[in-house]
Structure formats: structure tokens, C-alpha cells
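In my numbering, the protein residues as written are 5 to 284.
Quick reminder that beta carbons are idealized off the backbone N, C-alpha and C, glycines included.
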Amino acid sequence: MNDRQKQSLGNNSSAIQVSGDMIVGSSYKDIKEIFMDLFEMNFPRIQDVARQEADIRVSKGLDSLEDALSRHHDSIDTERFIDPNIQYELQGLGKSFARFGDKCNYELLSELFATLLNKDATDVVSLIAGEALQVVPKLTKRHVSVLTLMCLVYDLTMDDSTLSRVNSIIDPIVKRINSVDMTRLLDLSYLTTMNCMRGRAITISNNQPLIITNTDEYKAVGSKNFRETNAVAPYKNLSLIVDWMNLCQAGRYELTPLGRLIGMTYINDLVGLNVNDFII
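Take a look at the structure:
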């Protein structure tokens with residue numbers, strides 16, 4: 005067990021400073037205890053019933069966090085656990101878990117925190133990941149699905165592939181998006197206010213996702229013939245993506261680095277990505 009020291013920060017808040025080595029893997033119990041200490045000292049005192057519910061939510065969030073840290077064990081810089089900024093983010097994470105519960109998207113927040121600890125994360129990615137930890141609890145599943153769709157349309161590509169193969173590979177991503185109603189355009193305005201998207205100066209029309217334009221079939225017939233023959237019709241997932249692009253008026257918007265990180269992180273475990281390659 006790591007030694008811990010209580011440090012007063014002012015405004016009735018405290019922090020836990022960890023001394024010694026923090027080893028991710030066998031020491032998850034230590035991390036969880038430290039996290040709960042932070043939560044107990046800093047979360048505002050509330051009624052017992054609400055407190056019990058908050059404890060349950062935090063426990064569920066910690067289970068998700070443990071899973072994410074375990075899966076990304078080899079890429080995590082364990083030295084960063086003693087960084088005051090990381091402890092600050094841990095406190096914020098605990099408050100989000102307690103305040104929003106399932107609505108805060110435990111898995112996505114945990115993945116973003118793992119990104120914050122990534123050995124290869126650039127300073128820019130670390131800054132954006134910290135901002136994303138504050139924004140994600142304020143987004144609904146629909147918002148995250150829109151960002152995921154935009155990433156799927158404008159950022160993901162598969163060279164020298166076929167429509168059939170792409171349709172199969174993106175199936176788990178489409179299932180995630182398909183679980184929500186994509187027709188509420190008001191959500192797009194909200195995403196712009198949260199700095200996840202911004203309007204384009206020129207609207208893109210009749211565009212195809214990159215994952216489609218790099219297929220053998222598309223290259224063989226060209227853009228015009230491809231649209232006229234409705235070549236994606238036999239492929240359910242690709243057809244859904246094209247339909248969603250129209251519903252969401254995707255050509256009117258582009259992702260900010262913040263929105264791109266959230267969307268890419270959401271699908272990272274499905275396709276395997278290095279977020280540094282997409283955040284500019």
C-alpha cells in the first residue's frame with residue numbers, strides 16, 4: 005500500500021499525495037482507495053440517501069476506470085499519478101461519476117482519462133483530453149453518437165478495401181450510433197456551443213464518407229456513377245451512414261479537435277486508433 009499524505013488546498017478541499025511507486029496492475033486497490041479518499045474529503049455533504057446513491061455511482065465509475073487502465077496498461081505513464089493536475093482531474097472525475105451517474109458515460113470518461121495518462125500523448129492531446137473530461141458529462145448519448153458519425157465520415161479510411169469488407173468492419177460502430185434517434189437537429193447547435201463542432205464556411209453537398217471513396221468499387225466507377233447506381237444500397241451499414249449524414253446535415257459542420265477526440269475515443273476500442281494521429 006502506498007503511503008498517503010493529506011494536503012490542504014483551501015476552500016475546504018484536500019488532496020491526497022502519493023509517495024513511492026504507483027504500479028498499474030496489482031495496485032488498482034490502492035488507486036481505488038485513494039480515489040475514494042478524495043471523494044470523501046471533497047464531495048459536498050449531502051443527505052444520507054443521496055450520499056448512498058452517489059457512492060454507488062462512484063463505485064460503478066471506478067470499475068469502468070479500472071477496466072480502462074488495465075486494458076491500456078502498457079501505454080500508461082504511471083509516474084503521472086503523482087502529478088497535481090492528474091489528481092485534480094481524478095477529483096473532477098469522481099464528482100462527475102457521483103453527480104451524473106450512468107448519464108455521464110462511465111466508459112468514455114474512463115477512456116479519456118487513460119488518454120490523459122498515455123505515454124505518447126502530446127501536450128495538445130493532454131490539454132484536449134482534460135477539456136473533454138469536463139465536457140462529456142454534459143453530453144447525451146445522441147451527442148456522442150453524432151460526433152462518432154462525423155469521425156466515421158470524415159476521419160476514418162481503409163485503403164484498398166471493398167464495400168462488403170468496410171460494411172462488416174464498421175458494424176459495431178454503427179450499432180452504437182443506431183441505438184439513438186439521430187434526427188434532432190437542435191443537438192447540432194448544442195454541440196457547437198460546447199465547442200465540439202463548428203459551422204463550415206461552405207456547405208459540402210453530395211459527399212461520400214472516406215471509407216466509401218477509398219473502396220475498389222468507388223474508384224472503378226467514379227463519384228457520379230457511384231451515386232446514380234446507389235451502389236451502397238445492398239450494404240445496410242453504409243446506407244445508414246449516408247442517410248444519417250443527410251439527417252444530421254453533416255456537410256454544414258466540421259469537428260473541432262475536442263469533438264474529434266471524443267468521437268475517436270468512443271470508437272477506439274473497436275478499430276484501434278492512435279488519437280495523436282487525428283488531433284491537430
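Between the alpha carbons of D191 and E93 lies a distance of about 27 Å.
Comparing alpha carbon positions, the residue from L153, R146 and E111 closest to S68 is E111. DSSP places R180 inside the alpha helix (DSSP H), whose first and last residues are D175 to I181.
Here the alpha carbons of V236 and K64 stand approximately 41 Å from one another.
DSSP, read as helix, strand or coil, puts L259 in strand. Under DSSP, M201 forms a beta bridge with L259.
At a Cβ-Cβ threshold of 9 Å, G255 and D159 do not count as neighbours. Taken atom to atom, the span from the alpha-carbon of M249 to that of Y239 is near 16 Å. Pairing V148 with K223, the inter-Cα distance amounts to about 31 Å. When secondary structure is reduced to three states using DSSP, T219 falls in the strand class. Residue V178 holds the alpha-carbon nearest to the alpha-carbon of V150 among V178, N218 and D71. Note on geometry: alpha-carbon atoms of K145 and L153 lie some 12 Å from one another. Contact holds between the segment 192–204 and the segment 257–271, because three or more Cβ pairs, one in each stretch, are under 8 Å apart.
Secondary-structure assignment with DSSP links S165 through a beta bridge to T219. Each residue's CA atom was taken as its position, placing D71 and E221 some 40 Å apart. For A136, the uninterrupted alpha helix (DSSP H) segment begins and ends at D127 to V139.
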